[in-house]
Structures are given as C-alpha cells and as structure tokens.
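Notes for the one structure printed next.
In this note's numbering, the protein residues as written are 107 to 578.
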C-alpha cells in the first residue's frame, strides 16, 4: 500500500512539475510574442517537444504567411524523400561526326542537367576530355542542350527590380558559377579610371568603366548592368579611393546558357583547341557519342542550399524532382506536385497552401508554421536518416551559414540548427534545438508585415530560441 501511495505521489509531482513548466514557458513566450512590435507586425509560432511527443507552444500557427527561404525546408525535404540521397545532378559532353588528323569534323554538345554548383573548374574537366581525344581543332559548332527545362527563366512572382542581384539567378539546365560573374575593381592613379577585372575572365561580357580613382573621398561604387533591357554589359560607376582595398561584387547573368557556352569556347582555346564555328542551343542528336559526365550528389548540394540559403540550388532541386517523375521539359509546377506529396505524407492538406517556387523568393507563397513544423516532426519520427541529413544541412547558430553571427553568447549558440528566411517585410526561422534538460524540440516561427529594420524581427526569433535552449 505504501508503495502505491509513493508511486501516486511521484506521478502527481511529475504531472504538477510538467504543468508548471508548461505554464512558465507559455507565459514567457506570450510575453515575447505580445511585444508592441507586433501591434503592426504579425507573428506565427509552432513549437513541438519531440522527446515528450507533445505540443509545447502555438500562436497563430495556422495563419498563412510568406515563408521566404523557409520554403527551402519543403523543397530540400522533398528532394531527400523523392530524389533520394544517392541522386546526382549531371552535366555531360558529347560529340557527333568523326575525328581525323586531330580535327573533329562535327559538333560538341554540352548537355545541362541542372547542377547548381557547376563551376569553371568542372568545365575544365569536360574540355580536357576533348583534348584527351587528341583533338586540336573543331570543324563544327558548340551547342548546349537545355531541353531538360521549360523556357521560364524565373520563378512565378519574382520581381523585375530584384535584378541583377545574384539572389535572383536566371534559370537554365546549363548552370555555371551560380549563373553570375564576379567583378573586381582595383584603384589606379588619382584621376584615372580604376582597373576592372572579371572572374572568370571572359570576353562574353562588355565592360563600361565610368568610375574614377581618387585620393580624397570615400569609396562609393555602383556596379550593375542594363538589366531593364536584359543586357549583359557590366557598368561600373562612382569613385574608389586609391588607398582602399580591391572592391568585389557579383552580378547575375542573363541567358546563362550562352554564358556557359562562351566560357566553354574560351576554355577550348586555352587548351589549344581551335574553333571557328558558332555557339547556340540545340537538342542532342541520337547519334552523338558520350565523352564525359560531371556528377554531383544531391547530398553535396543540400548543404549549400540550406546553410547559404542558395536560391539556385533550391530551384534546380524543384526541377530535378519534376524531371525524375514527369520527364522533359521539367516545370516548377510538376516539381511542386512532389512537394504536395510530402505535405500529404506529413499529415497536412496541400490545397490549404499556395506554393509557386522552390526557394521562397516569391511573395505568392503562402504556408503556415504548423505545416513547416509538421514536416520537421515527420522527418524526425518517420525518416530518421533523412532528418539527420536535413538538420545537418541547416545553419548552426553562431557557427556557420546564415546563422553564423546570430545567438552568440547564449545557450542557443552551437545548438540551434535552423533554416533562416528573409524577404522584404518577412523574417522566418524553423528547425531544431536541444533544451537544458536534453529534450529535442522542433519549431517554426514567421514574422511578416514589419517595416522596421530586419534586425528587430530577428531579435524576437533569436530570443525565443535562446529561451527554448534554457528550458529544464
């Protein structure tokens, strides 16, 4: 009898402790989410205790909001689930015709496979395969096969005035160097134009250098291109102080497939392979011979996708999903069908949300923190291997990625793994955190309609993470 009474007392104490803890965390979170900042801005929060398998806190969690880059959680999770961890993006080189006396009497075909991380170094490997054939002249043309995708070069709802930022890359299966170019401005003599270099060096882009080197004023440079008319002319304006370091800036490229092919032509020439034909796009003929393929695993892409919040990687993942299940041409809407399948598997209803891209750039996207957390919860319980891969791809607070400067000096540092999200008027954060008492939590938070500095919204998101880290 005494044993039963003791057990009952212990059980009652545990229940009372849990209820007290729940009440305390609710009061603290209510205090944060009821600040005057939210008189004009909206906040949505959904927190789940994975260890105890219970809801911890919810506020406006069914409200539809713009997820910004938290959309990448759905895209990368769908990629892991439906592409698989062994899926690879491929960029291949073929040729047709015949080779005689070190001359290729035929054409080269670069076939795009939506590899978002393909670089000039990868292009060098492809071109070296031509050199290894003993070819030193191409009597034909260079073609790019971009048939894997439809002709839409931007996502639905992307804004024209975000051009020419590299956060808004033009989309093509033949991706190279993030479909962007690095512009390096070096000061020279006072009163003279600075030196302008491109990385990679290329003649594809025209440079209009209208800048000046000075010794008195501060460096104030504008680097852009005529994006309104969709031209690839790099325009450099303003002043650079002679004593300043080199100034670096990146700009996206219109018609990136032509950029790819121009870099390929220049790489051939650097390898001593002559070429006098033209460059254009054309579907690979059936009689073409395979030379070489660059493969990149999705698990290598997902880290850049989430840690650096790379929009190109997210959009290419969405289209890879479409291609795998629906074939050519891959369209974003077919990719979204796979995201809808993920939503259904996670126990939610796709028709309750609007998804139009893979990266979250578009303001047309509307999801809830309830949905995002449902996916995080599903992966944790039902797909532990995929959960591990996804969580490791998220930025680690105070350490790397888009969280490297956040939550430092709190228990959230080196603890919270979460995906950030930021577009105009929107700040979001969703992921996982471990509490002081070793409970694993999943959470999703979104703030929108704020017009003050983004840092103010981030303060509330980070404060909630710090509070969750201290739970015991």
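We put the CB at the ideal spot given by N, CA and C, even for glycine.
Leaving out five residues before and five after residue i in sequence, what residues of the same chain have Cβ atoms less than 7 Å from its Cβ?
{"i": "residue 444", "result": "184, 188, 427 and 431"}
{"i": "residue 294", "result": "300, 301 and 319"}
{"i": "residue 120", "result": "Interpretation of residue 120 is limited by its pLDDT of 45, a score under 50 that renders its predicted location unreliable; no figure is taken from the coordinates."}
{"i": "residue 477", "result": "449, 454 and 459"}
{"i": "residue 456", "result": "446, 449 and 450"}
{"i": "residue 434", "result": "253 and 254"}
{"i": "residue 415", "result": "175, 178, 508 and 526"}
{"i": "residue 284", "result": "272, 275 and 418"}
{"i": "residue 208", "result": "240, 241, 242 and 243"}
{"i": "residue 359", "result": "276, 285, 286, 287, 338 and 365"}
{"i": "residue 405", "result": "191 and 495"}
What residues in its chain sit with their C-beta under 6 Å from that of residue i, if we drop five residues either side in the sequence?
{"i": "residue 247", "result": "213, 383 and 384"}
{"i": "residue 568", "result": "512 and 513"}
{"i": "residue 579", "result": "Nothing about residue 579 can be read from this structure; the chain reaches only from 107 to 578."}
{"i": "residue 529", "result": "174"}
{"i": "residue 538", "result": "497, 523 and 548"}
{"i": "residue 509", "result": "501 and 503"}
{"i": "residue 516", "result": "572"}
{"i": "residue 543", "result": "578"}
{"i": "residue 486", "result": "156 and 493"}
{"i": "residue 558", "result": "none"}
{"i": "residue 518", "result": "503, 571, 572 and 575"}
{"i": "residue 367", "result": "248, 250 and 385"}
For the alpha helix (DSSP H) containing residue i, list its first residue and its last residue.
{"i": "residue 412", "result": "404-413"}
{"i": "residue 286", "result": "Not the alpha helix (DSSP H): residue 286 falls in the beta strand (DSSP E), residues 286-292."}
{"i": "residue 375", "result": "362-376"}
{"i": "residue 265", "result": "That residue, residue 265, is in no alpha helix (DSSP H); it is neither H nor E in DSSP."}
{"i": "residue 565", "result": "560-575"}
{"i": "residue 350", "result": "Unbroken run through residue 350: none, as it is neither H nor E."}
{"i": "residue 187", "result": "From DSSP, residue 187 is part of no alpha helix (DSSP H); its letter is neither H nor E."}
{"i": "residue 141", "result": "No alpha helix (DSSP H) contains residue 141, which DSSP labels as neither H nor E."}
{"i": "residue 232", "result": "226-237"}
Contact defined as beta carbons within less than 8 Å: I believe residue i pairs with residue j. What is the distance between those atoms, to the nearest angstrom?
{"i": "residue 555", "j": "residue 531", "result": "6 Å"}
{"i": "residue 356", "j": "residue 286", "result": "5 Å"}
{"i": "residue 339", "j": "residue 305", "result": "About 17 Å; that fails the 8 Å criterion."}
{"i": "residue 173", "j": "residue 466", "result": "5 Å"}
{"i": "residue 251", "j": "residue 393", "result": "14 Å between Cβ atoms; not a contact."}
{"i": "residue 472", "j": "residue 459", "result": "6 Å"}
{"i": "residue 148", "j": "residue 171", "result": "7 Å"}
{"i": "residue 234", "j": "residue 440", "result": "In fact, because the Cβ distance is near 35 Å, the residues do not count as touching under 8 Å."}
{"i": "residue 341", "j": "residue 325", "result": "Incorrect: roughly 17 Å between the Cβ atoms, too far for contact."}
{"i": "residue 423", "j": "residue 411", "result": "7 Å"}
{"i": "residue 241", "j": "residue 210", "result": "5 Å"}
{"i": "residue 217", "j": "residue 379", "result": "Not confirmed; about 19 Å, so no contact."}
{"i": "residue 221", "j": "residue 195", "result": "4 Å"}
{"i": "residue 474", "j": "residue 167", "result": "6 Å"}
{"i": "residue 354", "j": "residue 316", "result": "At roughly 18 Å, the Cβ-Cβ gap does not stay under 8 Å, so residue 354 and residue 316 are not in contact."}
{"i": "residue 330", "j": "residue 363", "result": "Contact doesn't hold; Cβ gap of about 22 Å is too wide."}
{"i": "residue 402", "j": "residue 268", "result": "Actually they are not in contact, since the Cβ atoms of residue 402 and residue 268 sit about 27 Å apart, beyond 8 Å."}
Assuming residue i is part of the beta strand (DSSP E), what are its boundary residues?
{"i": "residue 328", "result": "326-331"}
{"i": "residue 312", "result": "312-315"}
{"i": "residue 441", "result": "Careful: residue 441 lies outside any beta strand (DSSP E), inside the alpha helix (DSSP H) at 438-451."}
{"i": "residue 355", "result": "353-358"}
{"i": "residue 342", "result": "339-347"}
{"i": "residue 303", "result": "301-305"}
{"i": "residue 318", "result": "318-320"}
According to DSSP, residue i sits in a beta bridge with which residue or residues?
{"i": "residue 554", "result": "148 and 532"}
{"i": "residue 246", "result": "BP columns for residue 246 are empty, so no partner."}
{"i": "residue 169", "result": "For residue 169, which the question treats as bridged, DSSP gives no partner whatsoever."}
{"i": "residue 210", "result": "205 and 244"}
{"i": "residue 469", "result": "Its beta-bridge partners do not exist; DSSP assigns none."}
{"i": "residue 255", "result": "436"}
{"i": "residue 154", "result": "161 and 548"}
{"i": "residue 217", "result": "198 and 251"}
{"i": "residue 386", "result": "249"}
{"i": "residue 399", "result": "198"}
{"i": "residue 380", "result": "243"}
{"i": "residue 460", "result": "472"}
Note down, in chain order, each residue of its chain lying with its Cβ closer than 8 Å to the Cβ of residue i, except the 5 sequence neighbours on either side.
{"i": "residue 540", "result": "521, 546, 547 and 575"}
{"i": "residue 83", "result": "It is not possible to answer for residue 83, since the shown part of the chain is limited to 107 through 578."}
{"i": "residue 138", "result": "566, 569, 570 and 573"}
Cβ of residue i versus every heavy atom of the ligand MG: is any distance shorter than 8 Å?
{"i": "residue 280", "result": "By its list of ligands, the structure shown contains no ligand whatsoever, and the ligand MG lies outside what it can speak to."}
When you compare the CB of residue i with every CB in chain B, is at least one pair closer than 9 Å?
{"i": "residue 513", "result": "Of the chains in the structure shown, none is chain B; there is only one protein chain."}
Exercise for the section: Could I get the ranges of all uninterrupted beta strand (DSSP E) runs contained in the segment 471-546, with 3 residues as the minimum, in chain order? Expected result: 523-529 and 532-540
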